[in-house]
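Asker: Protein chains in written order, with my numbering: chain B, 1 to 639; chain E, 1 to 105.
No residue lacks a Cβ here, since even glycine has one placed at the ideal position from N, Cα and C.
My structure is below; once you've seen it, I'll send some questions.
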Amino acid sequence: MTNYAYTIWIPLIPVFMFLILGLFGMKMKGSLAGILGTLGLLTITVLSYFTAYLYFFKTGEPEGGFQAITAYNIEWLAFTDTLRIHMGVLLDPISVMMLVVITTVSLMVHIYSIGYMKGEQGFQRFFAFLSLFTFSMLGLVIATNIFQMYIFWELVGVSSFLLIGFYYQKPSAVAASKKAFIVTRFADFGFLVGILIVSYFTGTFDFDLLTSGDGNIFQTIGAASFMGVSAITWALLLIFMGGAGKSALFPFHIWLPDAMEGPTPVSALIHAATMVVAGVYLVARMFVVFHFQAPGALEVVGYVGAFTSLFAAVIACTQFDIKRILAFSTLSQIGYMILALGVSEYGDEAGVGYMASMFHLFTHAMFKALLFLGAGSIIHAVHNNDLRNMGNLRKYMPITFITFAIAWLAICGIPPFAGFWSKDEILVAAFEKNKLIFFSSVFVAGLTAFYMSRLFFSVFFGKKQHYHHEPHESPLVMTFPLMFLALASIVAGFVPFHDLITSDGKSFETHLNYSIAIPSVAIAVLGMFIAFLLYYKESKVPDKISKSLGIFYTATLNKFYFDEIYLFVTRKILFNCVSQPIAWFDRHVIDGFMNSIAWAIQKSSFKMRDLQSGQVQQYAFVFVSGAIILVLCFAYWLN
Amino acid sequence: MIQDIPIQYFLIVSTTMFFIGVCGFIIRRNLITMLMAIELILNAVNINFVVFNKFLFPHQLQGHFFALIVVAIAAAEASVAIALFINIYRRFTNIEVENISEMKY
């Protein structure tokens with residue numbers, strides 16, 4: 001048995017980096033802070049790769065599949081005999097895979113940021129926050145128990161708040177960061193309640209015990225129910241609500257597009273590897289519980305995922321801000337991962353959805369990070385986010401162009417790039433379980449190809465633009481991560497996930513299912529072809545189409561007015577009907593009560609102050625009259 | 001002689017003097033009058049000392065001597081008080097007790 005105790009350093013190094021950069025960063029000159037942060041991350045990337053190598057190939061797959069290893073566990077809080085909270089490192093296929101994904105993407109983002117953020121005010125702060133973010137996410141994936149996960153879950157929320165609001169002098173960034181924090185925090189409330197319900201009935205937080213498979217631990221919960229639905233289903237739905245908040249699934253999706261206000265590398269980190277996949281990871285982590293205890297909840301998960309992917313893909317077709325298009329595409333892809341979990345079964349080939357979800361998470365991390373960093377490179381060159389102000393950039397930025405093209409092909413699902421393989425597995429899983437979800441996913445695949453191609457052709461081809469100053473290729477420190485991730489986007493699809501990461505830890509065989517692969521590629525090519533016709537050359541056709549769609553187009557352009565609906569609900573209904581009466585009660589009844597006590601004391605104090613007149617004669621009078629009264633009293637009582 | 005007079009008469013005189021002094025101290029606003037009132041109180045007490053000594057313990061002298069000590073203390077006190085009054089008068093040009101409130105707050 002290999003000793004994995006060193007893995008505790010994987011989350012610890014970033015937190016030390018955060019402290020060093022946070023405390024002493026202002027004294028560092030030039031890019032030193034960035035280089036230091038990157039070196040720290042390089043160390044843990046190496047450690048993570050080493051761990052993955054040891055776990056998958058050295059320890060290998062004994063009889064009965066990959067085992068979960070608790071590499072490190074300490075008791076952190078001991079409230080009572082039964083309520084004890086541990087902190088530790090849990091290694092199993094998905095957490096090791098996540099370690100690799102997070103460190104890789106985070107390292108690339110770090111390197112890229114040295115170039116992208118150069119000379120920005122708060123350069124050191126930026127790297128300190130990046131380290132904190134990486135730490136939180138690493139702590140989340142290696143959590144040994146659901147409570148540790150919750151703690152790091154909140155830390156992820158805080159660090160995303162810090163990073164989205166990085167440009168804190170910009171009101172829109174501040175608003176976006178608050179929005180992200182409040183929306184995710186609201187969803188986390190559900191998560192906490194879910195955790196409490198589960199642990200109340202089972203008496204444990206440990207994933208090991210919760211997911212041990214035989215389900216004995218849930219026997220006590222079996223009888224309990226609320227509103228005709230069993231308690232465990234409620235608990236899992238609430239936990240999924242937390243996951244939906246972090247993963248920006250419908251109806252908690254509203255924070256993600258606004259989170260684009262942060263610096264572009266942050267968007268890459270949030271979207272590709274860290275925050276938004278936390279929800280997917282959570283469902284995958286609890287998958288055994290979902291599947292055996294509450295199939296109904298899992299079905300809900302599937303439908304939410306499918307709806308989110310469709311909904312976001314439709315919106316993405318109409319947006320003009322390139323980062324927002326990518327944000328909606330992330331929503332759509334996260335929906336894919338979630339729906340794959342929703343349609344999955346447990347064990348062997350039936351568990352293809354679970355494998356596909358993790359596979360898609362892995363490949364998506366690579367190409368989405370690449371897309372965002374590429375978009376950052378474009379924005380860096382053009383100083384603009386708007387699609388309409390770009391065009392014909394391939395001449396100016398060859399490396400960005402080629403790497404972006406690879407990512408584009410990967411997300412569209414064109415073989416042999418990474419996205420094709422994982423998307424194909426998802427479609428296979430959906431086909432076997434639920435035809436409705438399957439057809440919606442195939443349609444989304446076409447839409448994805450269309451809007452990504454629209455973005456791609458508009459930026460790199462399209463009309464000739466006059467730029468204020470000539471756009472130029474980004475420096476090597478920014479293009480190196482692009483090239484690395486492009487390479488990863490090509491090869492990631494060939495990682496044999498069915499051998500490594502499966503629902504029950506045992507490997508199984510998968511074959512390319514041509515009856516599904518060929519139509520899905522065909523529809524992707526169709527989407528790309530339509531986009532090619534519309535956007536390759538400058539033309540008036542897209543405008544005409546959008547005009548003819550009328551109200552549907554306007555609604556989509558405005559993201560189906562979800563922001564407005566939420567604002568209406570909060571501002572008009574919650575504020576007026578709930579908050580303001582409570583505020584009135586607080587101000588007039590509670591404060592009034594306290595104020596009246598203070599008022600009474602003040603008034604009586606003024607009265608009492610008059611007693612201390614400072615006049616000797618008055619004192620003498622009181623003294624003498626007191627003495628006389630005493631004498632009279634004594635005379636009266638002693639007789 | 002003095003034993004022929006009953007003790008109550010002495011006590012009535014001294015009590016009357018004492019309360020005249022107390023009233024004077026409380027009522028009058030002039031510092032010198034207040035000082036005189038204090039002297040009255042002290043002398044009322046002195047009479048008591050002497051009378052009780054004479055009537056209850058005629059062969060001892062503690063009461064007499066205590067009266068003498070009180071007289072000496074009263075003299076010293078009067079001199080200090082008058083010195084203060086003179087300084088107060090120089091500063092405020094009057095010695096009404098209500099006007100001297102500078103160190104009150």
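#1: Touch check for the region 274–288 of chain B and the region 355–372 of chain B: three-plus C-beta pairs under 8 Å?
#2: Any beta carbon from chain B within less than 7 Å of E:F25's own beta carbon?
#3: Under the three-state reduction of DSSP, which class applies to B:E564: helix, strand or coil?
#4: With 9 Å as the C-beta to C-beta threshold (strictly closer), list the residues of the region 73–85 of chain E near chain B in chain order.
#5: To which residues of the same chain is B:A306 closer than 6 Å at the C-beta, ignoring the five residues directly before and after it?
#6: So if DSSP puts B:R84 in a beta bridge, which residue, or which two residues, is it bridged to?
#7: Just verifying my parser: in three-state terms, what is the DSSP assignment at B:I69?
#8: With a floor of 3 residues, list each beta strand (DSSP E) that falls wholly inside the region 121–165 of chain B, ordered by position along the chain.
#9: Run through chain B and tell me which residues come within less than 8 Å of E:V97, C-beta to C-beta.
#10: Tell me, which residues are paired with B:L91 by DSSP?
#11: With a threshold of 16 other CB atoms inside 10 Å of the CB of B:Y200, please say whether the residue is buried or exposed.
#12: Whose C-alpha, out of B:V352, B:V276, B:V301, B:A381, is nearest the C-alpha of B:L331?
#13: Which residues in the same chain have their Cβ closer than 6 Å to the Cβ of B:D258, if we skip the five residues on either side of it in sequence?
#14: Would you call the CB atoms of B:L256 and B:A327 closer than 7 Å?
#15: Do you know whose CA, among B:Y535, B:Y116, B:S329, lies nearest B:P481's CA?
#16: Under 8 Å between beta-carbons, which chain E residues line up against B:F621? List them in chain order, please.
#17: Does chain E have any CB closer than 7 Å to the CB of B:V631?
#18: The alpha helix (DSSP H) that contains B:D208, what's its start and end?
#19: Suppose contacts are defined by Cβ-Cβ distances below 7 Å. Is B:A620 in contact with E:F25 by that definition?
#20: What does the Cβ neighbour count give for B:Y55, buried or exposed, with the cut at 16 atoms within 10 Å?
#21: Can you find the residues in the same chain that come closer than 6 Å, C-beta to C-beta, to E:Y9, ignoring five residues on each side of it along the sequence?
#22: Could you tell me the alpha carbon to alpha carbon distance between B:V304 and B:H364, rounded to whole angstroms?
#23: Where B:M26 and B:Q124 are concerned, what is the direct C-alpha to C-alpha distance, given to the nearest angstrom?
#24: Determine the chain B residues that contact E:S14 at a beta-carbon separation under 8 Å, and present them in chain order.
#25: Going along chain E in order, which residues have a C-beta closer than 8 Å to the C-beta of B:V624?
#26: With a threshold of 8 Å, are at least 3 pairs of Cβ atoms found where one atom belongs to the region 81–100 of chain B and the other to the region 154–174 of chain B?
#27: When DSSP labels each residue in this structure, what does B:E470 get in the three-state scheme?
#28: Within 10 angstroms of its Cβ, does B:M608 collect 16 or more other Cβ (buried), or is it exposed?
#29: For the alpha helix (DSSP H) containing E:R90, list its first residue and its last residue.
#30: Determine the direct distance from the alpha carbon of B:Q618 to that of B:F606, and round the result to whole angstroms.
#31: Where does B:W637 land, buried or exposed, given buried means 16+ other C-beta within 10 angstroms?
#32: Return the CA-CA distance between B:A488 and B:I573, expressed in angstroms with no decimal places.
#33: Thinking just about the alpha-carbon of each residue, which of B:L298, B:T204, B:T403, B:K395 is nearest to the one in B:D81?
Answerer: With the structure as the only source:
#1: Taking 8 Å as the limit for Cβ pairs, the verdict is that the region 355–372 of chain B does touch the region 274–288 of chain B.
#2: Judged by the 7 Å Cβ criterion, E:F25 is in contact with chain B.
#3: The answer is helix: DSSP assigns B:E564 an H, G or I state.
#4: Cβ contacts with chain B come from no residue of the region 73–85 of chain E.
#5: Same-chain partners within the cutoff: L339, I437, S440.
#6: Bridge partners of B:R84: B:A78.
#7: The three-state secondary structure of B:I69, taken from DSSP, is strand.
#8: At a cut-off of 3 residues, not a single continuous stretch assigned as beta strand (DSSP E) sits fully inside the region 121–165 of chain B.
#9: Per Cβ cutoff of 8 Å: Q615, V616, Q617.
#10: Looking at the DSSP output, B:L91 bridges to B:I69.
#11: With fewer than 16 other Cβ atoms within 10 Å, it is exposed.
#12: Among B:V352, B:V276, B:V301, B:A381, the Cα nearest to that of B:L331 is on B:V276.
#13: Counting only Cβ-Cβ distances below 6 Å, and skipping sequence neighbours, we find A176, K179.
#14: Yes. Within cutoff.
#15: For B:P481, the closest alpha carbon among the candidates B:Y535, B:Y116, B:S329 is that of B:Y116.
#16: Against B:F621, the close residues of chain E are I26, in the order they occur along the chain (beta-carbon pairs closer than 8 Å).
#17: B:V631 has a beta carbon lying at 7 Å or more from every beta carbon in chain E.
#18: Where B:D208 is concerned, the enclosing alpha helix (DSSP H) stretches over 207–210.
#19: Contact: yes.
#20: B:Y55 sits buried, since 16 or more C-beta atoms from the chains shown fall within 10 Å of its C-beta.
#21: No residues qualify anywhere along the chain.
#22: Here the C-alpha atom of B:V304 lies approximately 19 Å from the C-alpha atom of B:H364.
#23: Those two C-alpha atoms are separated by around 7 Å.
#24: For E:S14, there are no neighbours in chain B by C-beta distance under 8 Å, as the nearest C-beta there is about 16 Å away.
#25: One finds V22, I26 in chain E with Cβ atoms closer than 8 Å to the Cβ of B:V624, taken in chain order.
#26: Under the 8 Å Cβ criterion, the region 81–100 of chain B does not count as touching the region 154–174 of chain B, having fewer than three qualifying pairs.
#27: Of the three classes helix, strand and coil, the one that applies to B:E470 here is coil, per DSSP.
#28: Flag for B:M608 reads exposed.
#29: It spans 62–92 - the alpha helix (DSSP H) in which E:R90 sits, taken as one unbroken run.
#30: In this structure, the alpha-carbon of B:F606 lies about 18 Å from that of B:Q618.
#31: Its Cβ having fewer than 16 others within 10 Å, B:W637 is exposed.
#32: Here the alpha carbon of B:A488 sits roughly 49 Å from the alpha carbon of B:I573.
#33: Closest in C-alpha terms to B:D81, from the list B:L298, B:T204, B:T403, B:K395, comes B:T204.
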